[in-house]
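Chains as they are written, first to last, in the working numbering: chain A, 1 to 144; chain B, 1001 to 1156.
Everything on this sheet refers to the single structure shown next.
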Amino acid sequence: MTTAEVLRYTQETGDFSRMLNDIPYAGFIGLQCERFGDDLIFRLPRKDSNIGNPILPAIHGGVIGGFMELSAAIYLMMSQEVLRMPRIVDFSLDYLRAGLDRETYAECRLTRQGNRVANVMITAWQKSRNEPIATARAHFLLED
Amino acid sequence: MTDTLRLERVRRFINTLQQSRALGLTVEDADENHLILCLPYSDHIIGNPETGVIHGGAITTMMDTASGSVMICALPEFELCPTLDLRVDYMRAAEPHKPVYARAEAYRVTSNIIFTRCEAYQEEGKPVAQCVGTFMRIGKEATPKSYRDLITGGEA
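Okay, here's the thing in structure tokens:
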């Protein structure tokens, strides 16, 4: 399957397994995605190798960043009618609470989509959506 | 503190982080305000299977680790400093099958906040990504003594 075919399959079925299988980094951190109506919820199940603070213990801040960044890229691909590969330009990340050694969730919002650049907001939480562990903002360049 | 001691402390610290071990991060160089880490290329961190380019997340994690460890070099005693924020600019895709290096600097240390900058590169003068960060000082007492001793080897 080409990337365009995988995207179409994922958009039609809501089954992310093929798309995620094609991205080794998604498997490395264990990223999952589920669709509820039009909404996408990204999930990062707890994983020993994602730990970056052995004392609390807590997830490595970089893994939380990578999870949010990849979530935003997948979200953008899914929101396009035709395949346009998002290339990240910059990423600004605020850590609000320690990301404890448990399942983490993320959702994305397209703040602005221009012809070539998209601005995406990402929120990550664990126990409650009202208590985010991190928020981020990213710019992507969309390539035809 | 000598540079050898700094290097050993950072090496011990990074080896206690499971994610850093999973990425295979190594410490290349350390001095009073600088630290260089190396991220080896590996298939499991690829973000784009068509090109073999590694995912930005792995580079972000290396830069966060380098920026979050450079205070070990800058401070006389070991203390864990949580990340407040990171701003990452991706300048070019990292070339596949080659390691990526991160050079971090603590350019301002106050009693509450440490300001860092970090550059990721494969060849000098051709940055792959750049990152500025702020880290909060929560005091050495926030870290258990047994862990501090593990990092410092019981010295200082």
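Glycine included, each C-beta is placed from N, C-alpha and C at the ideal position.
The model shown is predicted, which means the values in this text are computed figures rather than measured ones.
CB-CB length for residue i against residue j, believed under 8 Å
i	j	result
Leu1035 of chain B	Leu1023 of chain B	Contact flag wrong, Cβ pair sits at about 16 Å.
Pro1082 of chain B	Met1136 of chain B	5 Å
Ile74 of chain A	Gly99 of chain A	Incorrect: roughly 20 Å between the Cβ atoms, too far for contact.
Ser1067 of chain B	Cys1131 of chain B	7 Å
Range covered by the alpha helix (DSSP H) that runs through residue i
i	result
Ser17 of chain A	17 to 21
Ile1045 of chain B	Here Ile1045 of chain B belongs to no alpha helix (DSSP H), and DSSP marks it neither H nor E.
Phe1115 of chain B	Run containing Phe1115 of chain B: none in the alpha helix (DSSP H); it sits in the beta strand (DSSP E), 1113 to 1123.
Arg1009 of chain B	1003 to 1015
Val1070 of chain B	1056 to 1074
Phe1078 of chain B	First-last for Phe1078 of chain B: undefined, no H or E at that position.
Ala26 of chain A	24 to 29
Gln1019 of chain B	1018 to 1023
Arg1148 of chain B	1145 to 1152
Identified DSSP bridge partners for residue i
i	result
Met121 of chain A	A:Arg109, A:Arg137
Phe1135 of chain B	B:Thr1083, B:Ile1114
Ala1129 of chain B	B:Tyr1090, B:Ala1120
Pro132 of chain A	A:Trp125
Val1053 of chain B	B:Asn1048
Leu142 of chain A	A:Pro86
Extent of the continuous beta strand (DSSP E) run through residue i
i	result
Glu34 of chain A	32 to 36
Met85 of chain A	85 to 95
Thr3 of chain A	Element bounds for Thr3 of chain A: not the beta strand (DSSP E) but the alpha helix (DSSP H), 3 to 13.
Tyr1101 of chain B	1100 to 1109
Thr1026 of chain B	1026 to 1030
Leu1035 of chain B	1034 to 1039
Neighbourhood of residue i by C-beta distance below 8 Å, restricted to the same chain and skipping five residues each side
i	result
Gly149 of chain A	Because chain A here runs from 1 to 144, residue 149 of chain A falls outside it and cannot be looked at.
Arg1092 of chain B	Lys1126, Pro1127, Val1128
Ala1142 of chain B	Glu1079, Leu1080
Met1 of chain A	Tyr9, Arg18
Sequence-distant residues of the same chain with beta carbon closer than 7 Å to residue i, five excluded per side
i	result
Arg84 of chain A	Leu142, Glu143, Asp144
Arg102 of chain A	Arg46, Gln126
Enumerate, from N- to C-terminal direction, the unbroken beta strand (DSSP E) stretches of 3 or more residues contained entirely within the segment 38 to 65 of chain A.
39 to 44, 51 to 53
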